[in-house]
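Single-structure report; data block below.
Residue numbers (this note's numbering): 216 to 330.
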């Protein structure tokens, strides 16, 4: 019996092993939901932020580029930093009242939620 040595990945038939523990994310189909049909919630969070307060907008449905653009607008009008990822917009500091007002002026149904 002779053993054939595999010299490259193509010799394995496309089999690849990964230790990352997660499969690559499939590209989601981007669905555009009208502003009036979205239910946005504005939270104030302190957990996992080193004791600092952050205003978090949850419930946005749309493309990552639309989320990023909305986050950029809110950060600019609040005059602070933050981020927009995974369907959430995080604004540094307590800006709930400003954010609720701005989102409602933009046509989103929005409510203050949580603590």
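All C-beta atoms in this analysis are idealised placements derived from N, C-alpha and C, irrespective of residue type, glycine included.
Please read all numbers here as calculations on a predicted model, not as lab measurements.
*Could you tell me which uninterrupted alpha helix (DSSP H) segments, each at least 4 residues in length, are contained entirely in the region 268-311, listed from first to last along the chain?*
279-293
*Cross-strand partners of residue 256 (DSSP beta bridge)*: 273, 326
*By the 10 Å Cβ neighbour count, where 16 or more other Cβ atoms means buried, how is residue 291 classified, buried or exposed?*
exposed
*Spatial neighbours of residue 305 within its chain, please: CB distance less than 7 Å, with the 5 preceding and 5 following residues excluded, ordered by chain position.*
269, 271, 297, 298
*asked:* So, at 6 Å on beta carbons, what are the nonlocal neighbours of residue 310 in its own chain, with the 5 sequence-adjacent residues on each side left out?
replied: 270, 293, listed in sequence order.
*Please list, in chain order, all residues of the same chain as residue 302 whose beta carbon is under 6 Å from its beta carbon, the five residues on each side excluded.*
275
*Name the residue from 289, 308, 329 whose alpha carbon lies nearest to the alpha carbon of residue 320.*
289
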